[in-house]
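Undergrad: Dropping the structure in here first, questions after.
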Amino acid sequence: MRNGRAICLGVLCVFFITSTVFAQSQSATDTIIEKIGESERRVRDHVDTKIEGVETKVETLSTQVGTLSTDVAVNKTNIGNMKESIRDLKGTVDRIWYGILGVFGTLILYFLKSWWENRGKADNVDTVDRLAEEIIKLTSAQADISAQITRLISAQAGTSETRNVAGDPKVPSVEGLDELADDDIPFTRRDAGETD
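In terms of this note's numbering, the sequence shown opens at residue 761 and continues consecutively.
As structure tokens, then:
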């Protein structure tokens, strides 16, 4: 009997120990599974975050590539316009250069023709000098006449204001101006072929 009780007690102890160990192992297994699931969720969240960041960067790069493509197209258009402007400017510069060369050529031909026609005619230079002197004399005489007219007008205005009589016969008039101008102008008339 004692052996039967001992056996039963031993079986119960073994069963209790086994159930306790099994329960602990089951709890440990559940904990491990939860840890694994939590780690998996963290990894998935981390991977999803990284993927979203990469997708955002890809979208940004796509936008930048589109902008760069637009800029490249605009730059190509601008370069084409600049080339056309340079061609037009080159054509304008060429025309201006040809015009300058034409003017220089015309002047050279004119001076050569004048030299050929006037070679040996030194008296033409004297004639031009005399003509210049006469022009200077005429200009000086004209200035003198203008000054005399101004003085006469001032004198007439002063006399009229003093006497307060308009049209007084004693007031100097401009009638004798021609004679006065002819007397004062030292004018000498010469022929073009006359020499000193």
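Note that the Cβ used here is the ideal one computed from N, Cα and C, for glycine as well. Since the model is a prediction, treat every value here as computed from it, not as a measurement.
1) Compute the Euclidean distance between the alpha carbons of Leu867 and Ala892, then round it to the nearest angstrom.
2) Put Ser874 into one of helix, strand or coil per three-state DSSP.
3) Considering only residues of the same chain and omitting the five flanking positions on each side of Phe871, which have a CB-CB separation below 8 Å?
4) Would you kindly work out how many angstroms separate the C-alpha atoms of Ile896 and Asp904, rounded to a whole number?
TA: Result, derived from the coordinates:
1) To locate residue 867, count along the sequence shown from 1; it is residue 107. To locate residue 892, count along the sequence shown from 1; it is residue 132. In this structure, the straight-line span from the alpha carbon of Leu867 to that of Ala892 is close to 24 Å.
2) Reading the sequence shown from its first residue, position 114 is the one you call residue 874. Note: Ser874 maps to helix in three-state DSSP.
3) Residue 871 sits at position 111 when you count from the first residue of the sequence shown. Counting only Cβ-Cβ distances below 8 Å, and skipping sequence neighbours, we find nothing.
4) The count along the sequence shown starts at 1 and reaches residue 896 at position 136. The count along the sequence shown starts at 1 and reaches residue 904 at position 144. Whole-angstrom Cα-Cα distance: 12 Å.
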